[in-house]
Amino acid sequence: MRILILGGTTEARQLAQRLAGRTGLAVVLSLAGRTAAPAQQPVPVRIGGFGGAEGLADYLSDQKIDALIDATHPYAAIISANAANAARRAGVRLLALRRPGWVPVAGDRWIEVADVTVAVHALGDTPRRVFLALGRKEIEPFVVAPQHYYLVRSVDPVVPPLAVPHAVYITGRGPFAETDERTMLEQHRIDVIVAKNSGGAATYGKIAAARALGLPVIMLRRPAMPDVEAVETVDDAVAWLDHALALVTARGV
Ligand code: NAP
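In the working numbering, the protein residues as written are 316 to 568.
(1) Alpha carbon to alpha carbon, how far is A561 from K521? Give it in angstroms, no decimals.
(2) Tell me the rounded alpha-carbon separation between A559 and R349.
(3) Are the beta-carbon atoms belonging to L466 and W555 less than 8 Å from one another?
(4) Which runs of the beta strand (DSSP E) at least 3 residues long sit entirely within the stretch 334–372? Give them in chain order.
(5) Short of 7 Å in beta carbon distance, which residues of its chain neighbour W417, apart from the five on each side in sequence? Order them along the chain.
(6) Give a yes or no on whether the C-beta atoms belonging to A398 and G322 are separated by under 8 Å.
(7) Leaving out five residues on either side along the sequence, give the residues of the same chain with a beta carbon under 6 Å from the beta carbon of A545.
(8) Look up V568 in the DSSP assignment and say whether it is helix, strand or coil.
(9) Taking 8 Å as the cut-off, decide whether the C-beta atoms of V428 and A437 are in contact.
(10) If distances are taken between C-alpha atoms only, which option among L449, A460, P531 and V532 comes closest to G487?
(11) Would the stretch 375–383 and the stretch 351–360 be scored as touching if the rule is three or more Cβ pairs under 8 Å?
Okay, structure coming up:
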C-alpha cells in the first residue's frame, strides 16, 4: 500500500515515524519547502508544490497512491482544499489529521478575529508592544501600523525586514516552554500577542504565559476546511490506515 502524507507538522512526522519500516507500506512525506532546513523525517521526503489540485491528482495517479493523509497545519487551507479535490478526482482515500484548537480557559483574554488584516486594526492607534507569533509570510499587513513595537519570531529570518521603525526579530523552532515564553514577553515588555489557534502543546507556552501575565491575545480564527473524513490524533490516523490496509489486503486475496 502506498501512502502519501502531506506534512509540515509535528503530527505528520510522528505519523511517519509510526509507519516507517512497516512491511506492506511505502510511505512518502511531502513538504512545501517553506523552511531552509526542514526537520529530519523518518521516511522518504518530496519537497515543493504539486501544481494545484490537478497536479496533486496527477501525482496520486502516477505514483499509484492508495491513501492520502492530509496532516498539514490547521491554517494551511489551500493545500487541504487541494487534497480534498485531488483525492476525489483520483479516486484515492483521504484522511485529514487535524489537531484540535485550543479552547480559552478562565483568565484568558482572547480577542478572536477573522484574519491578519482585522488583527492589525484590533491593535488600535495607540502604540503598543506586540509579539507577532505568526509566520514570516503573514506579517506584511502590519506595515500599515508602524506606530507599534513588534517582536517577530520565525523559523527562518525575515528577509527583507518589515518596513516599520520598531521591530526586533528572533528565530526559533518550537517547542517553546511556558517559562521561557514568559521571560521573553517580560524582557520585551510585550503588552499584546497576535497568534493563530494552532492547537497542540509545542506552541501553547505563549498562550499560558499570556494568561499568567494577564495579556490579551488577538487570536486569528481557523480557516474553513473541506468536509472530509478527519481524526484528531496520530493514534486514530494509524487505526484508520490499519483498517484501510486490511481492506486492500482482503481485496487482494
Ligand atoms: P497553503 O497556503 O495551504 O498552501 C499553499 C501552496 O503550498 C499549496 O497550494 C501547495 O502548492 C503548497 N503546499 C502546501 N503544503 C504542502 C505540502 N505539505 N507539500 C507540498 N506542497 C505543499 O500552505 P501554507 O499555509 O503556506 O503551509 C505550507 C506548509 O507549512 C504546509 O506543509 C504546512 O503544514 C506547514 N505549516 C504551515 C503553517 C501555517 O500557519 N500556515 C504553520 C506551520 C507549518 P501547489 O498548489 O503547487 O501544490
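Glycine is no exception: its CB is placed at the ideal position from the N, C-alpha and C atoms.
The structure says:
(1) Start at 1 with the first residue of the sequence shown, and residue 521 comes out as number 206. Start at 1 with the first residue of the sequence shown, and residue 561 comes out as number 246. Approximately 42 Å between the Cα atoms of the pair.
(2) Position 244 of the sequence shown, counted from the first residue, corresponds to residue 559. Position 34 of the sequence shown, counted from the first residue, corresponds to residue 349. Roughly 31 Å between the two C-alpha positions.
(3) Taking the sequence shown and counting its residues from 1, one reaches residue 466 at position 151. Taking the sequence shown and counting its residues from 1, one reaches residue 555 at position 240. Cβ atoms of L466 and W555: not closer than 8 Å.
(4) 341–346 and 360–362
(5) In the sequence shown, counting from the first residue as 1, residue 417 sits at position 102. Closer than 7 Å at the Cβ level, and outside the excluded window around W417, lie N512, G514, Y519 and I522.
(6) Translated into positions along the sequence shown, residue 398 becomes position 83. Translated into positions along the sequence shown, residue 322 becomes position 7. Going by C-beta atoms, A398 is not nearer than 8 Å to G322.
(7) Within the sequence shown, the letter at position 230 stands for residue 545. Contacts found: A411 and R413.
(8) Position 253 of the sequence shown, counted from the first residue, corresponds to residue 568. At V568, the pLDDT of 49 sits below 50, so the modelled position is not reliable; the number obtained from the coordinates is stated separately. Note: V568 maps to coil in three-state DSSP.
(9) Your numbering for residue 428 matches position 113 in the sequence shown. Your numbering for residue 437 matches position 122 in the sequence shown. Yes, these two residues count as a Cβ contact at 8 Å.
(10) As a first step, residue 487 must be located in the sequence shown, where it is residue number 172. With distances taken between Cα atoms, G487 lies closest to L449.
(11) no
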